[in-house]
Amino acid sequence: MAKVHVSTSVNGEPTEFLCEPHDTLLDVLRNELNMTGTKEGCGSGDCGACSVTVNDRLVCSCLVLGAEAEGKEIGTVEGIGNNDSLHVIQEKFLEHAALQCGICTPGLIVSTKALLEENPSPTEEEARYYLAGNLCRCTGYDKIIRAVMDAAESMRGAA
Amino acid sequence: MSEAKDYKYVGTRRVRPDGYDKVTGRANYGADLTLPGMIWGRILRSPHAHAKIKGINTSKAEAHPGVSAVVTFQDFPEKSQGSPLAQNILANEKALYHGHAIAAVAAKTVQIAEEALGLIEVDYEVLTPVMDLDTAMADGATLINENLKTVGLPEPATEASNIAARQELKIGDIDAGFAEADVILEREYSTPTVHQGYIEPHACTVRYDENGQSMVWCCTQGHFDVRASTANLLGMELGKLKVVASEIGGGFGGKTTIYLEPVALMLSKKSGNPVKIVMDRDEVFKASGPGAATKSWIKIGAKKDGTFTAMQAKMAFEAGAFPGSPVGPGTMTVFAPYDVANAKVEGFDVLVNKPKVAAYRAPGAPQAEFASEMLINELAEKLGMDMIDIRLKNAAREGTQALYGPKFREIGFIECLEQCKASEHYQNAVAEGNGRGVGAGFWFNIGGVSSAVIHMNPDGTATLLEGSPDIGGSRASMQSMAAEELGIAPERIKPIVADTEMVAHNDTTGGSRTTFATGMAVIEAAQDVVRQFKERAASTWNVTPEQVEWADGVARNTAGDGEMTCQEICASAGRTGGQITGRGNINARGAGPSFSVHIADVAVDKDTGKVDVVRYTASQDAGRAIHPSYVEGQIQGGSVQGIGWALNEEYIYSDDGLLENPGFLDYRIPLASDLPMIDPIVVEVPNPFHPYGVRGVGEANIIPPLATVATAVGNAIGRPMPDLPCSPPRVLKAIQEG
Amino acid sequence: MTVVEYSAAASIEEAVSLLLSSDIPAKVLAGGTDLIIQSAGLDPIKVVDIKNIDSMMGATIDGDGLTLGPSMPCAELYSRDDVKALFPGLVEAAYLIGSTQVQGRCSVGGNLCNSSPAADTIPALIANAAQCVIQGPGGERTVAVEDFVTGVGRNCMAKGELLTALRLAKPAAGTSDAYLRFIPRTEMDIAVAGAGVSVTLDGAGTCTAARVSIGAVAPTALLIPEAADALIGSKLDEAALDKAAAASLAASSPITDRRGTVEFRKHVVGVLTKRAATIAAQRARGE
Amino acid sequence: MALVIFSSELQKFTGEERVEVSASTYRQLVDGILKRYPDMPPEEITEKAVSIDGMIIQDPLLDPVDENSEVHFLDRISGG
């Protein structure tokens, strides 16, 4: 089985890696690039813990082959916020206590960012449906949705 | 001990200390550790629900290129081989459920390990699976364990049985109680096998070291228990096994036992390499510990005014393949919220060919109280009473003797009922065509052993080491409580979940004990620090420690002039007697029970049976909410798990005992789009045995939703819904039969 | 299955040639949301990624109607207001598949080629009389969508063939469509039953043409002419709708599985037929 | 004398519901009970949690018992 050589960009950084043809983008991120912020909850696209963007489109990285990243722009949780300043979505998640165990949080942060880029003024219902693929078993979603709506409002204010 | 008091930090909504790492993806969970030279373990699992294992041939797998080690049950030390825990971790003579671990392989890659699993030859003799309580308890049932005899029968059992245990609780005279009743209702109820559904699969990375220190990194609710059970199974000394609790991606009781750790250590021992094993989601559903399926029969007698005169229950709980269902707490909780003079409860612990059940949030109580709360609602309807009023009429209060023994001290059940009754939700009538339900829940909460250490740093900051894995934000509460005692800003205190080498033993995070018990250890450690602060200041000022007052992080000389800040004392600590460390090693006594009362409004699509929860209110007695946001979060999260249990969640097995829905696609936990906001009501009736009045809030909230939602559905369609889940086919059938 | 070889084709011809020349089973990789899950196993397969081929990824509307690139992500499809205006039912079917994340990858063509009985877009395509354009070593052929799927997970394509376009004729005036499915939750689930309906109404509100298709209640999605006949000539009154629902119910042959029972599916497919026809008619009337 | 109230399960061994025992600690109390009911297997109470005046102790030993304390034994609870 020949390894595939892939040239891509991860969070804006040009990145090259070798992967097996069957490796998913999630495998590559976690095991080749040591970027463990992206989590695996199911491996079948049912939980959203592995959410990343590929060319700005939200996907489950467990349902993308590493080889498909060739020439693409990958965005992960590690690219959101930085040492000095958190993204407003991250701040709002903290402020609203929108996480308990935190395993779904990276996926939700990535998905919320994609949501608010697509739709800066979602209704509560739109936010709930957009994020339906991000399972959270701790919070009952209440505080997550509040954080998302508040982040949307702040981002609109800042824009 | 506890009294109304203004606190500076306790009760405030602060940003959690571990939050930054969690929103940036830096936090490291069970699957996130990689060690140099590490190889990957995978587990071969039984394709049968019940089969004799006549032989296992691993030679081809061992010879497969890239494979470093293969282990089976026979690799356990002989003296552990009698242990049911060992037999659950790797099957011995029989595979007892679909997915039961048979053998494990460690190889250079996951792919190679999986190829090698395919090369292991297992000779099975397939046996009839025993998949439900009726089959398991029937005369002449196929036996899962031919040596098992029922304990707890009036006369010692002579024949083998799938019934592992029977237990009974009685109070008063049940016959006299029913004789007094104006109305008697009885009904049968059932609940399915469910899963905790934590999003993070079980995972560990281990390194075995023959001569020195072996290490396990894993996601667990109790790393000290992981150490104890793993060391015990493998014949190791506790001091030679270090267990590090990673961040944990949910547990809800499901991560209070072990599955992978001994297997990984045996593979590491054989191969000489560190080994990582991560379960697939499919393995989590098939082979971790779900919540027990149950069948219950409830009978209640009441006076016309709603006063209960007698309550009776008979309940059977599935234990899975090994004894040990939570039928005990089930029998103890079933009528616990009520003051009743005459009651009798009988419980059975029953083997079936399903994975050994594990704890799931208030283990046993949701199933048991589902049944009793359903019948109480039916009784209210029969008597023309309000669902909350009938509970107020019979509610346990201070001094009520619980069916399980003790008399309650101060409890907040009445307050939960009254605040729900007064809520805007309940004051407004349910919308036309929709249904409303009410339900209550009781859970004991527990104390137990906790240890904490606070190291004061020379700049006056504090490092707080505690040993309770933080599953829902407990570090935030620990930080607030330590800050309250030390009088310094919470941001100057860094709480750390320490590994088994850094603090003394802590009982597992479970039973809603962490904020209560570990919190008490933290308070004690902080008080130990304050005592030393006073001593250092006293010796500096040449006064007695009693003459030093400590407030707001400053020592004051009450016998003269002088103030020393925390920073000043810490900066000079090396010269005044050495650095300052406070300890709190306790066995926490006096856990306070928590009660909860919920209200649900549902809409039912009468053509399809689909249920939509349109409004939900959940009250719970927290004693004292140390961090109100995370208390609300527990209430909301537990409510939603309960809503999932009520509506759609269930293990679905084929006729031959194979699990047909081992994934989040068909094991349907609630989604963001399925739910309304969950309105929390935090009741605070302080626990008299905790310095701040804490009770513990992790569990009582999952109990009421089952009956609350099922009652609401029943009221919407005009038919009772005694069997969970209220899934669309079942609801539609009830509508059509009505 | 396990993927042992990955190739990205730059053109349809290259894709056909890669599929044809493979000595191990070769699969087309579109969104991968089914294929990557199915490939968890040991038998080797080769995948041919066709997402670098522009014509596979776009959608154009001209005087004849819609030409849909089979691999266009559903998320992109439902952001296309021009497509939504013509085929709202097809777009809502695309919107229902999986999560936002899955919709970022999955496609109508992928949904069709995966050939699941429960595929959401197939009844919507059948209701709109879509034509499947298939390129193969022998050239191009066109197949009516209701003839495309031949069984559970099976379809009419031979080795080396590739679905290159879906063509939907421009709807006649007074025509619209709707697709509804039943799932236990609000999102994420696989359809327990589904119904796609297209209706054409004349100025008086009488139905002059209709197509009804049902999904998840037989080995393949079905076109139900009897249901359409019940609607044609009526003003979609209760009696006509009930008759259409009864026709769907009668034509269904579902199984009991982890997602639903025979009785439940039969009943619900009738309910959905009725509801989808009602919505399609409302749309056709411009309501 | 502390008042001990036995559950229906324990009454199988004690034959009575209530008994008064002189003790100032849990350990003395258990010794007193076991002496009074020699046929009761010790683990029937030593493996249980205890409630002393409504304070539940999971794993007691030296805990104080007052002259007027009311004592119940109950199964240990773990939790989820």
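Chains as they are written, first to last, in this note's numbering: chain A, 1 to 159; chain B, 160 to 897; chain C, 898 to 1184; chain D, 1185 to 1264.
Every residue, glycine too, gets a C-beta built ideally from N, C-alpha and C.
Quick caveat, the model's predicted, so the values are computed rather than measured.
At the 9 Å Cβ level, is residue i part of the contact set with chain C, yes or no?
{"i": "B/Thr767", "result": "yes"}
{"i": "B/Leu203", "result": "no"}
{"i": "B/Leu830", "result": "yes"}
{"i": "B/Glu442", "result": "no"}
{"i": "B/Ala882", "result": "The question names Ala, but residue 882 of chain B in the sequence shown is Asp. Not an interface residue."}
{"i": "A/Glu68", "result": "yes"}
By alpha-carbon positions, which one of the options ends up nearest to residue i?
{"i": "B/Gly903", "options": "B/Tyr585, B/Pro243 and B/Ile570", "result": "What is shown of chain B runs 160 to 897, which leaves residue 903 of chain B out entirely."}
{"i": "B/Gln578", "options": "B/Tyr810, B/Ile758 and B/Ala250", "result": "B/Ile758"}
{"i": "B/Lys428", "options": "B/Glu683, B/Ala680, B/Glu314 and B/Val230", "result": "B/Val230"}
{"i": "B/Asn616", "options": "B/Val688, B/Asp780, B/Gly632 and B/Arg556", "result": "B/Val688"}
{"i": "B/Ala732", "options": "B/Gly782, B/Ser636, B/Thr620 and B/Glu650", "result": "B/Thr620"}
{"i": "D/Arg1260", "options": "D/Asn1252, D/Asp1243 and D/Ser1253", "result": "D/Asp1243"}
{"i": "A/Gly41", "options": "B/Ile202, B/Ala190 and B/Gly200", "result": "B/Ala190"}
{"i": "A/Tyr130", "options": "A/Pro120, A/Lys92, A/Arg137 and A/Leu25", "result": "A/Pro120"}
Excluding sequence positions up to five away, which residues of its chain have a Cβ less than 6 Å from the Cβ of residue i?
{"i": "C/Ala1156", "result": "Note that residue 1156 of chain C corresponds to Arg in the displayed sequence, not to Ala. Answer for C/Arg1156: Val1089, listed in chain order."}
{"i": "B/Glu809", "result": "Pro351 and Pro884"}
{"i": "B/Asp882", "result": "Ser349"}
Hey, is residue i's beta-carbon within less than 9 Å of any beta-carbon in chain D?
{"i": "B/Ser671", "result": "yes"}
Beta-carbon of residue i versus every beta-carbon of chain A: anything under 9 Å?
{"i": "B/Tyr166", "result": "no"}
{"i": "C/Ala972", "result": "yes"}
{"i": "B/Asp771", "result": "no"}
{"i": "C/Met953", "result": "no"}
{"i": "B/His786", "result": "yes"}
{"i": "C/Thr1083", "result": "yes"}
{"i": "C/Lys948", "result": "yes"}
{"i": "B/Tyr256", "result": "no"}
{"i": "C/Arg977", "result": "no"}
Within a Cβ cutoff of 7 Å, which residues of the same chain sit near residue i, ignoring the five residues on either side of it in sequence?
{"i": "A/Leu29", "result": "Met35, Thr38, Ser61 and Thr76"}
{"i": "C/Leu993", "result": "Asp1017 and Arg1078"}
{"i": "B/Thr309", "result": "Ala316, Ser320, Ile322, Ala323, Ala324 and Arg325"}
Given that residue i touches chain A, what residues does it touch there, using C-beta distances under 8 Å?
{"i": "B/Asn902", "result": "The structure shown has nothing for residue 902 of chain B, since chain B only spans 160 to 897."}
{"i": "C/Ser919", "result": "Simply none; closest approach about 13 Å."}
Output yes if chain B places a C-beta closer than 9 Å to the C-beta of residue i; else output no.
{"i": "C/Gly1242", "result": "Past the boundaries of the shown model lies residue 1242 of chain C; chain C is included only from 898 to 1184, so the question cannot be answered."}
{"i": "A/Thr105", "result": "yes"}
{"i": "A/Thr123", "result": "no"}
{"i": "A/Asp150", "result": "no"}
{"i": "C/Phe1079", "result": "yes"}
Going along chain C in order, which residues have a C-beta closer than 8 Å to the C-beta of residue i?
{"i": "A/His22", "result": "Thr899, Val900, Val901 and Ser936"}
{"i": "A/Arg30", "result": "By Cβ distance, chain C contributes nothing, its closest Cβ being about 16 Å from A/Arg30, past 8 Å."}
{"i": "A/Ser111", "result": "Thr997 and Gln998"}
Along chain A, which residues have their Cβ under 7 Å away from the Cβ of residue i?
{"i": "B/Met836", "result": "Asp142"}
Leaving aside the five residues before and after residue i along the sequence, list all residues of the same chain whose C-beta is less than 8 Å from its C-beta, in chain order.
{"i": "B/Ile745", "result": "Val608, Ser609, Ser610, Ala676, Met679, Ala680 and Glu683"}
{"i": "B/Arg889", "result": "Gly768, Met880 and Asp882"}
Residues of chain B with CB under 7 Å from residue i, in chain order?
{"i": "D/Asp1239", "result": "Per the sequence shown, the amino acid found at residue 1239 of chain D is Met instead of Asp. Correct list: Arg748, Gly749 and Phe848."}
List the residues of chain B that residue i touches, going by C-beta distances under 8 Å, in chain order.
{"i": "A/Cys162", "result": "The structure shown has nothing for residue 162 of chain A, since chain A only spans 1 to 159."}
*When you check each C-beta in the stretch 500-519 of chain B against every C-beta of chain D, which residues fall closer than 7 Å?*
Of all residues in the stretch 500-519 of chain B, Ala518 and Tyr519 have a Cβ within less than 7 Å of some Cβ in chain D.
*Taking Cβ-Cβ distances below 7 Å as the criterion, which residues of the stretch 806-823 of chain B are in contact with chain C?*
Under the 7 Å Cβ criterion, the stretch 806-823 of chain B contributes Asn807, Ile811, Glu819 and Asn820.
*Interface positions of the stretch 72-84 of chain A facing chain B (Cβ-Cβ less than 8 Å), listed along the chain*: Under the 8 Å Cβ criterion, the stretch 72-84 of chain A contributes Thr76, Val77, Glu78, Ile80 and Gly81.
*If you measure beta-carbon to beta-carbon, which residues of the stretch 1193-1221 of chain D are closer than 8 Å to chain B?*
For the stretch 1193-1221 of chain D, residues whose beta-carbon sits nearer than 8 Å to a beta-carbon of chain B comprise Glu1193.
*Interface positions of the stretch 543-574 of chain B facing chain D (Cβ-Cβ less than 7 Å), listed along the chain*: Contact residues of the stretch 543-574 of chain B toward chain D are Tyr563, Gly564, Pro565, Lys566, Phe567 and Arg568 (C-beta to C-beta distance below 7 Å).
_Taking beta-carbon pairs under 7 Å, can you tell me which members of the stretch 391-425 of chain B lie near chain A?_
The residues in question are Glu406, Ile407, Gly408 and Gly409.
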